[in-house]
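The block underneath contains the structure these notes are about, expressed in C-alpha cells.
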Amino acid sequence: MTLEERLEKATRIAHEAGRRIKAAREGGSLQRNIKHGNELVTDIDVAVDRYISEQLESLFPGEARLTEELSPDRRDLSDEKPLWVVDPIDGTVNFAHGHHHVAVSIAWVDKGRVQVGVVHAPFLEETFTGIRGSGAWCNDEPISVSGTRELDASLIGTGFPYDRDARFPLLRRLHAVLENCRDIRRNGAAALDLCAVACGRLDGYYESCSPWDFAAGLLIAREAGARTGHVYDCPEGIATELYGENLLVCTPEIYSPLKSLIKKGDSGQYR
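Structure (C-alpha cells):
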C-alpha cells in the first residue's frame, strides 16, 4: 500500500472521529474522570480511541498501535516495526470546557520514522496532512512555514504539564522567551500548535509531549519547511522522531537562537 493510500484511509478515519466528537459535545453530556492523578479524560476520549483502533485493525490487521487511552504502552517506541500513533482527542481540557482547539491526530511510523500524518480539527473545520518527502497541506492546499527570520518578531507557542509541581521550573524558560519574542501563545493542543507552525500562524513552538500528541504534527511541520529537533539530545534506544522531551520546532532562522535562549533560561543564566 502506498503512503498516499495510507494517508487517505487515516484521513477518512479522522474525519469520522471528528464527527463523533462534535456530536458528543452537541449532546451536552460528558463523563469526566481523572487519570494519573491529575489528567482529565472523558468517556468520549475512550470511545473515539476505540473507534479509531477498530478501524485501523480492520484496514491494517496486525499493525501495532500506540494510542493514548487504550494502548499507551511505549515499549513499541524502540521497535522498527510499523506503528500507528494515535491521539483520539488532543486538547481534552479544551474539549471538556467548550473550546475549539481540539484535534484528532493519527500518524503512521515505519522503522522509527513518521511516514504520514493527519491532524483533524473538527470545530475549526481544518484538516492538516503530510507525507514524508512530499509536502504538507491544510484542507488539501499546500502550506509552508512563515518567513520570519528574527526572534524578536516571532510568535511562539508552548504548553505546560498537568503536574503543577513540574510547572515552576518552566517559568524561567518562559520568562526568557517572552522577553525576547513578540508574544507567546498557549492554545492547549500540541498537535494544532505544530500545525500552526506549519502554516505560519506560529513561528516556533517548544514543549515536552507524549508521542501521540506530536507524531503527526511534527511530520506536517517538517514537511512544511520547519526545522525540528530537541533542546537537549535524545537518549539512545528511542526513535528521535518519537521522543517528546523538550521538542523544538521553528522556522529555520529562529531555531538556533531560540534553542540557546531556552537553555539559558533553564540554567538560570538569563535574567
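Heads up: the sequence shown begins at 1 in the working numbering, then just goes up one per residue. Beta carbons: idealized from backbone N, C-alpha and C, even for Gly. Here the structure is a predicted model, which means the values were calculated and not measured.
Under the DSSP assignment, glutamine 115 falls in the beta strand (DSSP E) whose first and last residues are 113 to 121. The Cβ atoms of alanine 176 and isoleucine 262 sit closer than 8 angstroms to each other.
Just measuring C-alpha positions, the residue of Ala96, His97, Leu70 and Val93 sitting nearest valine 85 is Leu70.
Collapsing the DSSP output to three states places leucine 83 in a strand. Only residues of its own chain outside the window of five on either side were considered, and among them Ser144 and Val145 have a CB closer than 6 angstroms to the CB of glycine 225, listed in chain order. The residue among Pro211, Asn246 and Val41 with its C-alpha nearest the C-alpha of aspartate 73 is Pro211. The beta carbons of alanine 191 and alanine 221 sit no closer together than 8 angstroms.
For asparagine 187, the closest of Ala64, Asp43, Leu151 and Phe160 by C-alpha to C-alpha distance is Phe160.
Here the C-alpha atom of glycine 98 lies approximately 13 angstroms from the C-alpha atom of isoleucine 89. The continuous alpha helix (DSSP H) containing histidine 15 extends over residues 3 to 27. C-alpha of phenylalanine 95 to C-alpha of tyrosine 206: approximately 22 angstroms in a straight line. Here proline 235 is exposed. Its C-beta has fewer than 16 other C-beta atoms within 10 Å. In the DSSP assignment, the residues bridged to cysteine 250 are Gly204 and Arg227.
A buried status is given to glycine 204, since no fewer than 16 other beta-carbon atoms sit within 10 Å of its beta-carbon. DSSP, reduced to helix, strand and coil, places alanine 153 within a helical segment of the structure shown. A buried status is given to threonine 251, since no fewer than 16 other beta-carbon atoms sit within 10 Å of its beta-carbon. Cβ-Cβ distances below 7 angstroms link leucine 170 to Phe160 in the same chain, with the five nearest sequence neighbours on each side left out; the list follows chain order. Setting aside the 5 residues that flank it on each side, alanine 107 is surrounded in the same chain by Val85, Val114, Gly117, Ala215 and Ala216, each with a C-beta closer than 6 angstroms to its C-beta; the list follows chain order.
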